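Novice: Please find one structure pasted underneath; my questions will follow.
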Amino acid sequence: MRRWPIILAGCLLALPGARAAEPSPAPSFSKARVEWNAPQEPFRIYGNTWYVGPHGLSAILVDTGKGLALFDGDLPESAAQIEAHVRKLGLRVRDIKWILNSHAHADHAGGIAALQRASGAQVLASTEGAHEMKSGGADPADPQYGFGLTYTPVQQVRVVRDGEVLQLGNVAVTAHYTPGHTPGSTSWTWTSCEGARCLHMVYADSLTALAAPGYRFGDHPRYVAAFRRSIARIAALPCDILMTPHPGASDFWERVARRTSPDDAAALIDAGACRAYAAAAARALDAQLARERDAAK
Numbered sequence: 024m025r026r027w028p029i030i031l032a033g034c035l036l037a038l039p040g041a042r043a044a045e046p047s048p049a050p051s052f053s054k055a056r057v058e059w060n061a062p063q064e065p066f067r068i069y070g071n072t073w074y075v076g077p078h079g080l081s082a083i084l085v086d087t088g089k090g091l092a093l094f095d096g097d098l099p100e101s102a103a104q105i106e107a108h109v110r111k112l113g114l115r116v117r118d119i120k121w122i123l124n125s126h127a128h129a130d131h132a133g134g135i136a137a138l139q140r141a142s143g144a145q146v147l148a149s150t151e152g153a154h155e156m157k158s159g160g161a162d163p164a165d166p167q168y169g170f171g172l173t174y175t176p177v178q179q180v181r182v183v184r185d186g187e188v189l190q191l192g193n194v195a196v197t198a199h200y201t202p203g204h205t206p207g208s209t210s211w212t213w214t215s216c217e218g219a220r221c222l223h224m225v226y227a228d229s230l231t232a233l234a235a236p237g238y239r240f241g242d243h244p245r246y247v248a249a250f251r252r253s254i255a256r257i258a259a260l261p262c263d264i265l266m267t268p269h270p271g272a273s274d275f276w277e278r279v280a281r282r283t284s285p286d287d288a289a290a291l292i293d294a295g296a297c298r299a300y301a302a303a304a305a306r307a308l309d310a311q312l313a314r315e316r317d318a319a320k
């Protein structure tokens, strides 16, 4: 396995909310991973949906009534925190039946191998996402491949088709292929209810157009076209509560801070959040392509 590089160079930075179009300066990766893995108390988002990740990386848990579904495993060192959060909620790690991945970078898939061992869960991903996880994050087709951010490979991965609806207990989860940030990027949707009130939950994958040195999005027009389709697809999703792999990318903590009580769902609901998230991504992609053109002059 290749060692983690000293400089992250922006490949794993969150899109800083719907306001930003320019990537932030790259921090030291060692500093970023400590900040991302900062402790965070688990809490209910809405209904049967819980936040169980560290502060800087989302891990979303859904109680289906017949087992738990976990979205993302975060960094390798996040696994222990995620397990502790599940137990703190009075749930059992061995009841995790599914681990569903957004994209196979080290900060969202790095902890999956350990979590799979601890729970016995089935790991689910897109075709390209499964390929990248099985390689431990070493996929030459990934725009960030050149950074060499690898992790323990996940050998047993079930491939989920685009648009496939997965049923576990009383929850139906739909997979939406949204390639761009990585070739295997996948967004996931389901419905969570409190009494008779049911909301559309969207775990939209990262939409940042970031690449390792030597990769130019402009050299891959088909990939850029697919990226734009992904952005449009997320914009069109029914979307009451938006969550993203980096919570800061969707102003998640700002919405949580507006809650007047742990049961205040209104602060988290924003029917326009997916459209705003997608619009910011479209602007950022255009800006990245413009920078590439300027650099080539």
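The opening residue of the sequence shown carries number 24 in this note's numbering; numbering runs sequentially from there.
Don't be surprised by glycine CBs; every beta carbon is placed ideally from N, CA and C.
Bear in mind the structure is a predicted one, so any value in this text is a computation, not a measurement.
Are Asp97 and Gly134 closer than 8 Å when you measure CB to CB?
Specialist: Locating residue 97 in the sequence shown gives position 74, where the first residue counts as 1. Locating residue 134 in the sequence shown gives position 111, where the first residue counts as 1. Against a cut-off of 8 Å, the Cβ pair of Gly134 and Asp97 comes out as a contact.
Novice: Determine the direct distance from the alpha carbon of Ser210 to that of Ala303, and round the result to whole angstroms.
Specialist: Position 280 of the sequence shown, counted from the first residue, corresponds to residue 303. Position 187 of the sequence shown, counted from the first residue, corresponds to residue 210. Whole-angstrom Cα-Cα distance: 17 Å.
Novice: Is Ser149 near Ala198, with beta carbons less than 8 Å apart?
Specialist: Stepping through the sequence shown from its first residue, residue 149 is reached at position 126. Stepping through the sequence shown from its first residue, residue 198 is reached at position 175. Yes.
Novice: DSSP on Lys320, reduced to helix/strand/coil?
Specialist: Within the sequence shown, residue 320 is the residue found at index 297, counting from 1. It is coil, neither helix nor strand.
Novice: One question on the structure: do Pro202 and Asp95 come within less than 8 Å of each other, judged by their Cβ atoms?
Specialist: Your numbering for residue 202 matches position 179 in the sequence shown. Your numbering for residue 95 matches position 72 in the sequence shown. Their beta carbons are not under 8 Å apart, which means Pro202 does not touch Asp95 by this criterion.
Novice: Residue ranges of each alpha helix (DSSP H) run of no fewer than 4 residues wholly in the stretch 263-304, ordered along the chain?
Specialist: 275-280
Novice: State yes or no: is the C-beta of Ala258 within less than 8 Å of the C-beta of Pro206?
Specialist: For the purposes of this step, residue 258 is identified with residue 235 of the sequence shown, where counting begins at 1. For the purposes of this step, residue 206 is identified with residue 183 of the sequence shown, where counting begins at 1. Taking 8 Å as the Cβ cut-off, Ala258 and Pro206 do not qualify as a contacting pair.
Novice: Just the C-alpha distance for Lys157 and Val180, rounded to the nearest angstrom, thanks.
Specialist: Counting from one through the sequence shown, the residue named residue 157 turns up at place 134. Counting from one through the sequence shown, the residue named residue 180 turns up at place 157. Taking the straight line from one Cα to the other gives about 8 Å.
Novice: Evaluate Ala248 with the Cβ neighbour count: other Cβ atoms within 10 Å of its Cβ, from every protein chain shown; 16 or more gives buried, anything less gives exposed.
Specialist: Here the question's residue 248 lines up with position 225 in the sequence shown. Exposed is the call here.
Novice: With a CB to CB cut of under 7 Å and the five nearest residues on each side skipped, what residues in its chain are close to Arg67?
Specialist: Stepping through the sequence shown from its first residue, residue 67 is reached at position 44. The residues are Trp73, Pro285.
Novice: Between the stretch 240-254 and the stretch 54-64, can you find at least three pairs of beta-carbon atoms closer than 8 Å?
Specialist: In short, these stretches do not touch, since the Cβ pair count stays below three.
Novice: For Ile217, write down the residues that DSSP places opposite it in a beta bridge.
Specialist: By one-based count along the sequence shown, residue 217 stands at place 194. In the sequence under discussion, the amino acid at residue 217 is Glu, which differs from the Ile named in the question. Its beta-bridge partners are Arg220.
Novice: Which first and last residues belong to the alpha helix (DSSP H) in which Phe66 is found?
Specialist: What you label residue 66 is simply residue 43 of the sequence shown in a count that begins at 1. Looking at the DSSP string, Phe66 is not in any alpha helix (DSSP H); the run it does join, the beta strand (DSSP E), is 66-69.
Novice: Can you check which of these residues, His131, Val57, Val85, is closest to Thr214 by C-alpha distance?
Specialist: Within the sequence shown, residue 214 is the residue found at index 191, counting from 1. Nearest C-alpha to Thr214: Val85.
Novice: Using DSSP with H/G/I as helix, E/B as strand and the rest coil, what is Ser210?
Specialist: Here residue 210 is taken as the residue at index 187 of the sequence shown, counted from 1. Correct three-state label for Ser210: strand.
Novice: Can you give the beta carbon distance from Ala102 to Ala55, rounded, assuming they're within the 8 Å contact cut?
Specialist: In the sequence shown, counting from the first residue as 1, residue 102 sits at position 79. In the sequence shown, counting from the first residue as 1, residue 55 sits at position 32. 18 Å between Cβ atoms; not a contact.
Novice: Looking only at C-alpha atoms, which of Pro65, Arg140, Phe170 sits nearest to Ile119?
Specialist: The residue given as residue 119 occupies position 96 in the sequence shown. It is Arg140.
Novice: Relative to the C-alpha of Gly6, which residue among Ile254, His128, Pro176, Val177 is closest?
Specialist: For residue 6 there is no data in the structure shown, the boundaries of the chain being 24 and 320.
Novice: In whole angstroms, what separates the C-alpha of Pro77 from that of Leu191?
Specialist: Counting from 1 along the sequence shown, the entry for residue 77 is found at position 54. Counting from 1 along the sequence shown, the entry for residue 191 is found at position 168. Their backbone Cα atoms lie some 25 Å apart in a straight line.
Novice: So, using beta-carbon positions, are Leu265 and Tyr300 closer together than 8 Å?
Specialist: By one-based count along the sequence shown, residue 265 stands at place 242. By one-based count along the sequence shown, residue 300 stands at place 277. Yes, they are a contact pair.
Novice: Which first and last residues belong to the alpha helix (DSSP H) in which Phe138 is found?
Specialist: For this step, residue 138 is matched to residue 115 along the sequence shown. Sequence inspection shows Leu at residue 138; the Phe mentioned does not correspond to that position. 135-142 is the span of the alpha helix (DSSP H), which, as asked, contains Leu138.
Novice: My guess is that Val196 and Ala92 are in contact by the Cβ rule of under 8 Å, so how many angstroms apart are they, rounded?
Specialist: As a working mapping, residue 196 is identified with position 173 in the sequence shown. As a working mapping, residue 92 is identified with position 69 in the sequence shown. Sure, about 7 Å apart at Cβ, within 8 Å.
Novice: Whole-angstrom Cβ separation of His126 and Asp228, contact assumed at under 8 Å?
Specialist: Indexing the sequence shown from 1 puts residue 126 at position 103. Indexing the sequence shown from 1 puts residue 228 at position 205. Contact holds; Cβ gap of about 6 Å.
Novice: Out of curiosity, what's the CA-to-CA distance linking Glu217 and Phe240?
Specialist: Within the sequence shown, the letter at position 194 stands for residue 217. Within the sequence shown, the letter at position 217 stands for residue 240. Taking the straight line joining both Cα atoms gives about 43 Å.
Novice: Which residues mark the beginning and the end of the alpha helix (DSSP H) in which Tyr246 is found?
Specialist: Translated into positions along the sequence shown, residue 246 becomes position 223. Unbroken alpha helix (DSSP H) run through Tyr246: 244-259.
Novice: Since I believe Asp185 is in contact with Leu222 (beta carbons under 8 Å), could you give me their beta-carbon distance rounded to a whole number of angstroms?
Specialist: As a position in the sequence shown, residue 222 is number 199, starting the count at 1. As a position in the sequence shown, residue 185 is number 162, starting the count at 1. Rounded, the Cβ-Cβ distance is 24 Å, inconsistent with contact.
Novice: Please state if the CB of Val146 and the CB of Val188 are separated by a distance shorter than 8 Å.
Specialist: Within the sequence shown, residue 188 is the residue found at index 165, counting from 1. Within the sequence shown, residue 146 is the residue found at index 123, counting from 1. No.
Novice: Determine whether the beta carbon atoms of Leu308 and Ala219 lie at a separation below 8 Å.
Specialist: Numbered from 1 along the sequence shown, position 285 holds the residue referred to as residue 308. Numbered from 1 along the sequence shown, position 196 holds the residue referred to as residue 219. No, the Cβ-Cβ distance between Leu308 and Ala219 is not below 8 Å.
Novice: Mind checking who Asp86 pairs with in its DSSP beta bridge?
Specialist: Mapped onto the sequence shown, residue 86 falls at position 63. Leu91, per the DSSP bridge assignment.
Novice: Can you look up Thr150 in the DSSP assignment and give me helix, strand or coil?
Specialist: Here residue 150 refers to the residue found at position 127 of the sequence shown. Helix, per DSSP.
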